[in-house]
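Residue numbers for the sequence shown follow numbering that gives the first Met the number 0, beginning at 0 and rising by one. Take a look at the structure below.
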Amino acid sequence: MKTRILVKEGEYKLAKAFCMDPKIDAEELFCFLTGLDKVTLFLKAEEEVDPETEAKYMELIKRRAGRIPLQHITGRQEFMGHTFRVNPQVLIPRQDTETLVTEAAKTIQNTPKEKLSLIEKLKGNKEWEVLDLCCGSGAVGISLAKICSNIKVTASDISAEAIAVAEENAGNLHTKLKFVQGDMFKPHQDKKFDMIVTNPPYVKTAMISILQEEVKSHEPLSALDGGKDGLDFYRIIVEKAAEHLKKDGFLLMEIGHDQGEDLRKMLKDSGKYTAAEVIKDLPGKDRVVKCQLKQE
0 MKTRILVKEG EYKLAKAFCM DPKIDAEELF CFLTGLDKVT LFLKAEEEVD PETEAKYMEL
60 IKRRAGRIPL QHITGRQEFM GHTFRVNPQV LIPRQDTETL VTEAAKTIQN TPKEKLSLIE
120 KLKGNKEWEV LDLCCGSGAV GISLAKICSN IKVTASDISA EAIAVAEENA GNLHTKLKFV
180 QGDMFKPHQD KKFDMIVTNP PYVKTAMISI LQEEVKSHEP LSALDGGKDG LDFYRIIVEK
240 AAEHLKKDGF LLMEIGHDQG EDLRKMLKDS GKYTAAEVIK DLPGKDRVVK CQLKQE
């Protein structure tokens, strides 16, 4: 069978199984199996595929048609221009979360010169200590460390399996981070940071059942379920983060598209932070809440 026809057959089977992007996934799986890139796939469209490769490809298509996420089949996901290893123990990094990394990096890089200490002025920039809370695969903290050279990142998660994946990703991407396993702020005790970034679980419990099959059946529930109103983890973060922020420290949280006002009010009512800024993602939806520790 010719490559073009085989991939088209894969696309048809995925479309029949109601996969969201059947054409893209069919091509991605063929490239994953053969090691080809998209350009070479196009150039080899009329070449014959050997029976063994054809059988292996259709097996991959069968798995994807079973609504197993593409990333769990390939074991990888692109995020901020880097390839991260993923498995069912961690949430698959989404493009939405790139907004959190971009805003955090911008905040670090735009530190006003007058805010620098004498030592920092001599060094040329501020040394930032950053906590990536609920780090999962490590995509946020690792990407931030790749962008900003003047930071030390501590990444923590309650899941030991997630920490193992994040450590592997840091090694693969030649990035040095400190990893800590534990529940929310408990492992950090009296430690304070210049910035806390977090993408906590924020899906309402009742909404889990209507998520895509790939998400609700194959990604970790603990990384999705934010409680009845989706705000359980934010309540903990808003209450405790102030104890772990240095003077003028920043708190940046990814949120659901309909949670901006809830978080703005929660932060205001706490009395611990400056007025919150809600940052939108590329499609124009509320995605990140940013504020600073209020000075007494």
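All residues carry an ideal CB built from backbone N, CA and C; glycine is no exception.
Check: Pair within 8 Å by beta-carbon distance, Asp224 and Pro200; Outcome: yes
Check: Through-space distance from Asp95 to Leu281, alpha-carbon basis; Outcome: 8 Å
Check: Ala154 and Leu176 closer than 8 Å at C-beta; Outcome: yes
Check: Val139 beta carbon less than 8 Å from that of Val196; Outcome: yes
Check: Expected contact under 8 Å - CB spacing of His243 and Leu130 to nearest Å; Outcome: 7 Å
Check: Glu77 versus Arg84: straight-line alpha-carbon distance, rounded; Outcome: 9 Å
Check: DSSP beta-bridge partners of Tyr272; Outcome: Leu292
Check: Alpha-carbon to alpha-carbon, Ile23 and Gly259; Outcome: 32 Å
Check: Straight-line Cα distance separating Ala54 from Leu296; Outcome: Past the edges of the chain, shown from 0 to 295, lies residue 296, and the structure says nothing about it.
Check: Selected residue, minimal CA-CA separation from Asn109, among Thr73, His71, Asn149 and Lys145; Outcome: Asn149
Check: Per DSSP, the bridge partner or partners of Asp131; Outcome: Ala154 and Val196
Check: Nearest residue (CA-CA) to Lys245, options Trp127, Arg63 and Glu213; Outcome: Trp127
Check: For Val48 and Lys279, the rounded distance between their alpha carbons; Outcome: 45 Å
Check: Same chain, Cβ closer than 6 Å to His81, five either side skipped, listed in chain order; Outcome: Leu172
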